[in-house]
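Undergrad:
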Ligand code: NAP
């Protein structure tokens, strides 16, 4: 039996959910709830707290457009500071009181008779809501590798999303599986105290230098007193990232392919100046194009492999035994601790993160898999009335999540503004508008590194299981924001 009824239910209290809540409040909605399975807000910035965690997008850019933060200590701030920023924004905009922690959502079903979503929670309770917003992020379901024997390991196993803050690697023999963005940050930290560290690399990653610096107390005072100064720096960091992504990733076919090659040259030089041993350099060299997989930024990653107690193991893993790992080259590495920096299940577990059944019993996850991954403007789906999916195919604008959030908030603003103007309560994107957007995205992606580059060996999560690069929205932030403020309202059936 339904116990509570809301105007809106938001699933997820990360930066997506907080942004959606702020937007709802701006539009006058107060009767909404944010449900989150964790015990605190911040999403990925609450869940992840492994040593070395930092953002690798300049923090001048990594914040809501409407809420610059003058307190960032440096250009690439730490995870702790970003979590603090999430707390501060949630408190400033009075979002926290809407959040229910330790509340897992299982599924949501559109009730056609009542024009409501019926949301089922893990404890069996249900709530109903007029509008459903999933802000479950792209990287929220940890990937546990299915390696033979892994459950027989007798030592300590830690996944990076479940870091044990009491764990001290001092004097320990540690192995880490994975060389993604997380591992690139964590490996130099582990190497500081572990007695022995073996890094299991399956696919090398592109690493470029990180041009980081501290903001002086005087700079922070200036940002606080004259926010325009920080906005000016943001304009520069935004423009640089935008240029890099738009030109380097999305327009690889054109003259600008040169930029892509320039970035790989930079990574190559970085390897050359960090590592003397050509064989080791070779082992760390990717054989796919820069940009196929998310590149990383670090000044210490390559250098750490020159330390005598750090070993790169790239022959593969045969099996795990109770006391170590048997490598594919026949050797065995005895270890005390196994760290899994094995990332996330995106396409398998995150599209969508909960079961969602729309009009005519359409199951979103099934439909995406049986047709193609798609969502109009990266936010709405036909047959799913009154539903906004913030973690959609063709939604994410690239390295900076906040740009994505900005256009999604503006999309909400235009849509809900029209509902109010008409005194309406339901919306649903038309099949035609959705098909038009999908065709356009398919065409645009055809010009990107994902289509024209050499990505075959990259094992990149930008590609879905059918081999289509349907994660990123291949356009500039400026254009995405413009579209969010101008899309034809006739693309929606509003009643
Ligand atoms: P990831 O990029 O998916 O990397 C996972 C790593 O684990 C890969 O090297 C993968 O190898 C390896 N792996 C997975 N299963 C394996 C298996 N069975 N055997 C051997 N190796 C296996 O995950 P991540 O490093 O956690 O990063 C995910 C994303 O989080 C990043 O791309 C980034 O968007 C975000 N992130 C951001 C920041 C930041 O500063 N903003 C920091 C950390 C993470 P393959 O490559 O061969 O699959």
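Residue numbers (our numbering): 731 to 1225.
We put the CB at the ideal spot given by N, CA and C, even for glycine.
No experiment lies behind these values; they were computed from the predicted model shown.
(1) Using three-state DSSP, classify residue 755 as helix, strand or coil.
(2) Tell me whether residue 915, by its Cβ, gets closer than 7 Å to a heavy atom of the ligand NAP.
(3) Which runs of the beta strand (DSSP E) fall wholly inside the segment 874 to 899 and span at least 3 residues, in chain order?
(4) For residue 1118, write down the residues that DSSP places opposite it in a beta bridge.
(5) Taking its Cβ as the centre, do 16 or more other Cβ atoms sit within 10 Å of residue 783, making it buried, or is it exposed?
(6) The ligand NAP and residue 1054: does any heavy atom of the ligand fall closer than 7 Å to the residue's C-beta?
(7) For residue 1224, which three-state DSSP category applies?
(8) How long is the line joining the alpha carbons of residue 790 and residue 884, rounded to whole angstroms?
(9) Got a sec: does the ligand GTP put a non-hydrogen atom nearer than 7 Å to the Cβ of residue 786?
(10) Looking only at DSSP bridge pairs, what is residue 1158 linked to?
(11) With DSSP as the reference, label residue 775 as helix, strand or coil.
(12) With a threshold of 6 Å on Cβ separation, who are the neighbours of residue 1138 within its own chain once the five nearest residues in sequence on each side are excluded?
(13) Here's the rule I'm using: 16 or more other beta-carbon atoms within 10 Å means buried, otherwise exposed. How should residue 873 be labelled?
(14) Is the beta carbon of residue 837 closer than 8 Å to that of residue 815?
(15) With DSSP as the reference, identify every bridge partner of residue 1206, one or two as the case may be.
(16) Is the beta carbon of residue 921 less than 8 Å from the beta carbon of residue 1040?
(17) Going straight from the alpha carbon of residue 808 to that of residue 1130, what length do you get?
(18) Please list, in chain order, all residues of the same chain as residue 926 whose beta carbon is under 6 Å from its beta carbon, the five residues on each side excluded.
(19) Report the residue ranges of all beta strand (DSSP E) runs contained in full by the segment 814 to 875; include only those spanning at least 3 residues, in chain order.
(20) Taking the DSSP output, what are the residues bridged to residue 1164?
(21) Going by CA-CA distance only, name the one from 764, 1127, 1221, 1045 that's closest to residue 1163.
(22) My output table needs one value for residue 1063: the three-state DSSP class, helix, strand or coil.
(23) Provide the residue span of the alpha helix (DSSP H) that contains residue 1194, from first to last.
(24) May I ask whether a heavy atom of the ligand NAP can be found less than 7 Å away from the beta carbon of residue 920?
(25) Where does the unbroken beta strand (DSSP E) through residue 1057 begin, and where does it stop?
(26) Using 10 angstroms around the beta-carbon of residue 943, count the other beta-carbons present and answer buried if the total reaches 16, otherwise exposed.
(27) Verify whether the separation of the beta carbon atoms of residue 819 and residue 748 is less than 8 Å.
(28) Please name the residue, chosen from 1128, 775, 767, 752, that lies closest to residue 796 on a Cα-to-Cα basis.
(29) Can you list, in chain order, the residues of its chain whose CB lies under 8 Å from that of residue 941, leaving out five sequence neighbours each side?
(30) Please list the terminal residues of the continuous beta strand (DSSP E) segment that includes residue 907.
(31) Considering only DSSP beta bridges, list what residue 741 is partnered with.
(32) Please determine whether the Cβ atom of residue 971 lies at a distance below 7 Å from any heavy atom of the ligand NAP.
(33) Taking only the alpha-carbon atoms, compute the straight-line gap between residue 1232 and residue 960 and give it to the nearest angstrom.
(34) Buried or exposed: residue 972, going by 16 or more other Cβ atoms within 10 Å of its Cβ?
(35) Counting only the same chain and skipping the five closest in sequence on each side, list residues whose C-beta sits under 7 Å from that of residue 891.
(36) Below 8 Å on the Cβ atoms is my guess for residue 859 versus residue 739; work out the distance and round it to an integer in Å.
TA: A quick look at the data gives this:
(1) helix
(2) yes
(3) 886 to 889
(4) 863
(5) buried
(6) no
(7) strand
(8) 44 Å
(9) The ligand GTP is not part of this structure, which contains only the ligand NAP.
(10) 1223
(11) helix
(12) 1109, 1120
(13) buried
(14) no
(15) In the DSSP output, where bridge partners are listed per residue, residue 1206 has none listed.
(16) yes
(17) 16 Å
(18) 903, 1039
(19) 835 to 841, 846 to 851, 856 to 864
(20) None; residue 1164 has no bridge partner.
(21) 1221
(22) strand
(23) That residue, residue 1194, is in no alpha helix (DSSP H); it is neither H nor E in DSSP.
(24) no
(25) 1054 to 1057
(26) exposed
(27) yes
(28) 752
(29) 805
(30) 903 to 907
(31) 765, 864
(32) no
(33) An answer regarding residue 1232 cannot be provided, because it is not within the stretch 731 to 1225 covered by the chain.
(34) buried
(35) 777, 778, 872
(36) 4 Å
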